[in-house]
Structure formats: structure tokens, C-alpha cells
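Numbering (the numbering used here), first residue to last: 2 to 489. Just so you know, even glycine gets a beta-carbon here, dropped at the ideal spot from N, CA and C. In what follows, a single structure is set out as C-alpha cells and then discussed.
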């Protein structure tokens, strides 16, 4: 990975400038905006809407979990023009380069069923554009998580309410720099997610990994990290999906849009291969009318095909923008409508939630000085940054399972959910000028955000002092609320 950041930019910039501008303008604008402004704005907003705002405190970010969607990809549904879609993929040489310094960990002798959404041949694969997007995401995360190289480690941010944010809300600093030993990576075992996180790591380490180091990518938990594994993890989930799909308001909406689904399917016939049904995927998509499925693709397929075509100005003129937006919005609505059901969210996402909650517990215990052995060799684990490379469905599932605000838009390529764990202590009036000493018991808070926008959490709403959704939720309140309900 030595100097790969510059190498990749040089290799791809000229050919892909039109796509980078057209497809991911919003992401690019966010990446290049000053990270200090973003961090300080989030800190100010968090405290303004948190139950602790009446007391002066200092906050230290002690752990971050990043759950990101992969970058731009080719359609998962098989298409006719194989040669064209093949031309959008990174070369084998480039893929070998981005993989340097990483090792993918898989179960030995695994012969599991391949998920339909993993794609076949050139389909469902990360494009060159997607690779570049993920390098940018890595660069953005480095700016958000690491104090500027020329900044003083003791430089803190004082918000409008007098609260102190150690290292301006950053996880890493010059005295405690980002390092492979402080990072753990998990990914679904799809080529596009593995290559996406490898690209992200290039942006995170623009000068390459330190000599003699490497990063393992744990790809052994695919069925845990997606809400729609094939086959499902339990019979109960299958039954719940069928039941939810049959709800009256869902059926009425499906009937209303049946004509649109058939029309769009017909208009896309010249683009798609004959074996399109082999690529069906999604929550509840296998529960519909079988006769209808013969006449139209699933909403997930229609949405993903049209999105890939529209980005490249290939969407047929016979499909209007209104029809495109109606179809893609309905697909997103169905996902949220089903996964907002508390029972389905638990069945589909409980194991992934457990990963995340266990990691929060580890960060909390380590901060309190409790010895934690979280390594296979039994040694103390110094991990501070946990990265999960997965899918839009994973993000939607977690947003619903953690009962977070629904975002205004479907998570685009490269979107990431950030889960931050803060250690907090009271500052006494006598120590206000010091800004580093504090007294009293440490308290811990969790903050969720999607692409820099804070999402309030509704777990345990109305209980204890958590009377309305806050930008930061007390760690113990979050964990206790989830554990209590899931154990009922």
C-alpha cells in the first residue's frame, strides 16, 4: 500500500472525471469541507439537545465504530452488455495494489450458498468510480478522527455551553496516532465490500501502512451483517416477512403501483439478461404474488437497475424522472416499512447489534480500567476504531434496529453510520481555567450519525430522565433498554 493514494488518483482521474462530478458531487463536497468545522458543529449540536447540558463537562472520544456502504457498483441483476459493464471495473493490477497490506480471513472449507446479491461475472462488482469514492471516504474519516498533524494535542474545543471537547472531538492525535494495531475490520464476503474497505484504508493511511504492519479483514460474518441472508437465519424471520408483506396498506400500495412495475420491467427488457430472476433479493421480495413476479422484476431489482443506468445517462427516455423516483422511493419505503417492525428488526439485526453493543461494552470497560482480553492471543486489545464494510440494507437494518431517525434520503454509495462512545466527567468551578481536570464518576454517552448528520435514538424513550430523543444517549440507558426488551 506504499503511496497508493497518489498512484490510484493518477491512474484513474483523467478517465473518470465526468463520472466523479456527475454521480457523487454531494459526497465530494462533504469530503473536502473542513473537518474541524464538522466535528465542532456536531459537538455543539449534541450538547444543545442532551440532558447533561446544564452542567459543565469535558468529553473525550474513546471509541468509534464505522458501518459503511460499499462504493459505486455495476448492476447486480445480469445485463446484456457484458463487455460494457466489464469496462467499468478496476483492472486486476489495481485490485492487487489496493489489497496490499491486508489479509482476508475466511472460515476454512466453507461451501455456503452464494447470496444472489453478490453478483455473477462483472455484475454486482465495485467500479473504478466506486473505488475512488471509497478512497475519499477514507480520507474524510482520517480528517474527522485524527487531530491535524500540526495541531497541539492539548488543543480542545470549548462549545457554546462551556463544555470541553478533548482533542477537538478527535479519536487520534500526534501522541496517540492512528495505527493498524488500533483498527479492526469486518466485511461481508462480497468482492465489492472487501475492495471497498481496502480502498477506504488507502484514504485512511495516505502514506501507506507503517512498515511491517498489516490489517486483517474478517469476512466470516456475512449472514450476521445483512438483514436478508440466503437462506434466512431463522424460520421466524421468514414467517414475519410473509406476514408483514400481507398487511393491508402494503398490499394496497403494491396494487396501486403494479402497472408501473410491469411497464418499467418492459422498458428495461432490452438491457437485462434472460436469467434476471436468479438475482432476486431483499426483505419480503420473495413473499409476493408469483404470477406478478413473472411479469415484473422485484422493486429492489427495478430500483438498482435504473439507478445504475441513470448515473451513466443510459436510462431509457420512455421511463420518466417521475416514474424513476416513484419506483426507487417505493423500494426504499418497503425496506423501512418492514424493518421498522420491532420483531423483524430484532430477528434480522440482533446478531449485528450484539457485535456493536459488545464493542461498546469493551470500550466502556477499558476506559474504566477493567482488564479486557479481546484478542485471540488473550492480550489486551488496544483497538479504538472498528470498521464494518457492508451494504445499504445493513445500514437500513441498523437504523431501524437502533430506532434512529429515518434519514431524508436512501444511503448513497459510500455512506457511513458512525457510532461514537464518549467518556465524560464534571468540571469544577475551581478548575475551569485548567480545562483538563475533572471530578466525580465518569459517565458514558453514545452518539449516532449518518454522513455527518446526527440521528437521535428512541430506545428507552420516556424512561428515567430520557424523556425525549437526544443527540447523545447515555450508554447504560441504551444498553439496558435494548437488553431488557430483547430478553422479554
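Quiz item: Out of 404, 130, 402, which has the shortest C-alpha to C-alpha gap to residue 200?
Solution: In the chain shown, the residue the question calls residue 200 occupies position 199. Minimum Cα distance to residue 200 is reached at 130.
Quiz item: Smallest Cα separation from residue 390: which of 331, 241, 463, 194?
Solution: For the purposes of this step, residue 390 is identified with residue 389 of the chain shown, where counting begins at 1. With distances taken between Cα atoms, residue 390 lies closest to 194.
Quiz item: When burial is assigned at 16 or more other CB atoms within 10 Å of the CB, is residue 446 buried or exposed?
Solution: The residue you call residue 446 lines up with position 445 of the chain shown. Residue 446 comes out buried.
Quiz prompt | Close-in-space but distant-in-sequence residues of the same chain around residue 474 (CB under 6 Å, 5 per side omitted) | solution = Residue numbering aside, residue 474 sits at position 473 when the chain shown is read from its first letter. Only 447, 458 meet the Cβ criterion.
Practice problem: List the whole-angstrom C-beta distance separating residue 425 from residue 460, where the pair is believed to meet the contact cut-off of C-beta under 8 Å. | Solution: For the purposes of this step, residue 425 is taken as the residue at position 424 of the chain shown. For the purposes of this step, residue 460 is taken as the residue at position 459 of the chain shown. 19 Å between Cβ atoms; not a contact.
Quiz item: residue 268 and residue 317: beta carbons closer than 8 Å?
Solution: The residue labelled residue 268 in the question sits at position 267 within the chain shown. The residue labelled residue 317 in the question sits at position 316 within the chain shown. Yes, the pair counts as a contact, with Cβ atoms nearer than the cut-off.
Self-check item: Through-space distance from residue 455 to residue 340, alpha-carbon basis
Solution: Here the question's residue 340 lines up with position 339 in the chain shown. Here the question's residue 455 lines up with position 454 in the chain shown. Going by the C-alpha atoms only, they are around 20 Å apart.
Exercise. Quick one: measure Cβ to Cβ for residue 422 and residue 68, integer angstroms, because I've assumed they're closer than 8 Å.
Key: Your numbering for residue 422 matches position 421 in the chain shown. Your numbering for residue 68 matches position 67 in the chain shown. About 14 Å; that fails the 8 Å criterion.
Quiz prompt | Residue(s) in a DSSP beta bridge with residue 136 | solution = Sequence index remark: in the chain shown, residue 136 carries index 135 (1-based). Note: residue 136 sits in no beta bridge, so no partner.
Exercise. Closer than 6 Å by C-beta to residue 168: which residues in its own chain qualify, once you throw out the five before and the five after it? Chain order, please.
Key: Taking the chain shown and counting its residues from 1, one reaches residue 168 at position 167. Taken in chain order, the residues that qualify are 148, 174.
Exercise. Go through its chain and collect everything with a Cβ distance to residue 190's Cβ below 7 Å, but skip five positions before and after it.
Key: The count along the chain shown starts at 1 and reaches residue 190 at position 189. Take residue 190, set aside five residues on each side of it, and the residues of its chain with a beta-carbon closer than 7 Å to its own are 107, 220, 223, in chain order.
Practice problem: Compute the beta-carbon to beta-carbon distance between residue 204 and residue 101, rounded to the nearest angstrom, for a pair I have assumed lies under 8 Å. | Solution: Here the question's residue 204 lines up with position 203 in the chain shown. Here the question's residue 101 lines up with position 100 in the chain shown. Not really, about 15 Å apart at Cβ, beyond 8 Å.
Quiz item: Near residue 239, which residues of its chain fall below 6 Å by C-beta distance, leaving aside the five closest residues on each side in sequence?
Solution: As a working note, residue 239 is residue 238 in the chain shown. For residue 239, where only same-chain residues beyond five positions count, the Cβ hits under 6 Å are 233.
Practice problem: Could you give the DSSP three-state label for residue 394: helix, strand or coil? | Solution: Counting from 1 along the chain shown, the entry for residue 394 is found at position 393. Note: residue 394 maps to helix in three-state DSSP.
Exercise. Assign residue 171 to one of two classes, buried (16 or more other C-beta atoms within 10 Å of its C-beta) or exposed (fewer than that).
Key: Sequence index remark: in the chain shown, residue 171 carries index 170 (1-based). Looking at its Cβ environment, which holds 16 or more other Cβ atoms inside 10 Å, residue 171 is buried.
Quiz prompt | Range of the contiguous beta strand (DSSP E) that encloses residue 105 | solution = Mapped onto the chain shown, residue 105 falls at position 104. Looking at the DSSP string, the run of the beta strand (DSSP E) that includes residue 105 is 103–106.
Practice problem: Report the rounded CA-to-CA distance for residue 117 versus residue 212, giving the unit in angstroms. | Solution: As a first step, residue 117 is located in the chain shown; it is residue number 116 there, counting from the start. As a first step, residue 212 is located in the chain shown; it is residue number 211 there, counting from the start. About 39 Å.
Quiz item: If you run the structure through DSSP and keep just helix, strand and coil, what is residue 445?
Solution: The residue given as residue 445 occupies position 444 in the chain shown. It is a strand residue.
Quiz item: So what does DSSP say about residue 378, is it helix, strand or coil?
Solution: Counting from 1 along the chain shown, the entry for residue 378 is found at position 377. Summary for residue 378: the model assigns pLDDT 45, below 50, so the residue's position carries little reliability; its value from the coordinates is reported in the next sentence. It is coil, neither helix nor strand.
Quiz item: Taking Cβ positions, are residue 384 and residue 185 nearer each other than 8 Å?
Solution: If you number the chain shown from 1, residue 384 lands on position 383. If you number the chain shown from 1, residue 185 lands on position 184. It is a contact, given that the beta carbons lie within the stated cut-off.
Practice problem: State the start and end residues of the unbroken alpha helix (DSSP H) segment that holds residue 238. | Solution: To locate residue 238, count along the chain shown from 1; it is residue 237. Segment 236–246, the alpha helix (DSSP H) holding residue 238.
Quiz prompt | Alpha carbon of residue 296 to alpha carbon of residue 275, nearest angstrom | solution = In the chain shown, the residue the question calls residue 296 occupies position 295. In the chain shown, the residue the question calls residue 275 occupies position 274. Going from the Cα of residue 296 to the Cα of residue 275 covers about 13 Å.
Quiz item: What are the residues that DSSP puts in a beta bridge with residue 168?
Solution: For the purposes of this step, residue 168 is taken as residue 167 along the chain shown, with counting starting at 1. In the DSSP output, where bridge partners are listed per residue, residue 168 has none listed.
Quiz prompt | Through-space distance from residue 265 to residue 321, alpha-carbon basis | solution = On the chain shown, residue 321 is found 320 positions in, with the first residue counted as 1. On the chain shown, residue 265 is found 264 positions in, with the first residue counted as 1. Going by the C-alpha atoms only, they are around 10 Å apart.
Quiz prompt | Proximity of residue 415 and residue 66 at Cβ, strictly below 8 Å | solution = Walking along the chain shown from the start, residue 415 turns up at place 414. Walking along the chain shown from the start, residue 66 turns up at place 65. Going by C-beta atoms, residue 415 is not nearer than 8 Å to residue 66.
Quiz item: According to the neighbour-count rule (16 or more other Cβ atoms, all chains shown, within 10 Å of its Cβ), is residue 480 buried or exposed?
Solution: Locating residue 480 in the chain shown gives position 479, counting from the first residue. Classification of residue 480: buried, given that the 10 Å Cβ count is 16 or more.
Practice problem: Might you give, ordered along the chain, the residues of its own chain that have their beta carbon closer than 6 Å to the beta carbon of residue 417, omitting 5 neighbours on each side? | Solution: In the chain shown, counting from the first residue as 1, residue 417 sits at position 416. Hits under 6 Å: 67, 69.
Practice problem: Report the rounded CA-to-CA distance for residue 1 versus residue 351, giving the unit in angstroms. | Solution: This structure leaves residue 1 out entirely; the chain is present only between 2 and 489.
Quiz prompt | Host beta strand (DSSP E) of residue 63 (start-end) | solution = If you number the chain shown from 1, residue 63 lands on position 62. Its beta strand (DSSP E) spans residues 58–70.
Practice problem: Would you check if the distance between the CB atom of residue 157 and the CB atom of residue 164 is smaller than 8 Å? | Solution: Within the chain shown, residue 157 is the residue found at index 156, counting from 1. Within the chain shown, residue 164 is the residue found at index 163, counting from 1. Taking C-beta atoms as the reference points, residue 157 and residue 164 fail to come closer than 8 Å.
Exercise. Might you give, ordered along the chain, the residues of its own chain that have their beta carbon closer than 6 Å to the beta carbon of residue 368, omitting 5 neighbours on each side?
Key: Position 367 of the chain shown, counted from the start, is the residue given in the question as residue 368. Closer than 6 Å at the Cβ level, and outside the excluded window around residue 368, lie 63, 424.
Quiz prompt | Residues near residue 487 in its chain [Cβ-Cβ closer than 8 Å; skip 5 each side] | solution = Counting from one through the chain shown, the residue named residue 487 turns up at place 486. Only 347, 351 meet the Cβ criterion.
Quiz item: Using DSSP with H/G/I as helix, E/B as strand and the rest coil, what is residue 337?
Solution: Counting from one through the chain shown, the residue named residue 337 turns up at place 336. The three-state reading of DSSP puts residue 337 in helix, counting H, G and I together.
Quiz item: Can you list, in chain order, the residues of its chain whose CB lies under 7 Å from that of residue 470, leaving out five sequence neighbours each side?
Solution: Translated into positions along the chain shown, residue 470 becomes position 469. For residue 470, where only same-chain residues beyond five positions count, the Cβ hits under 7 Å are 457, 458, 459, 462.
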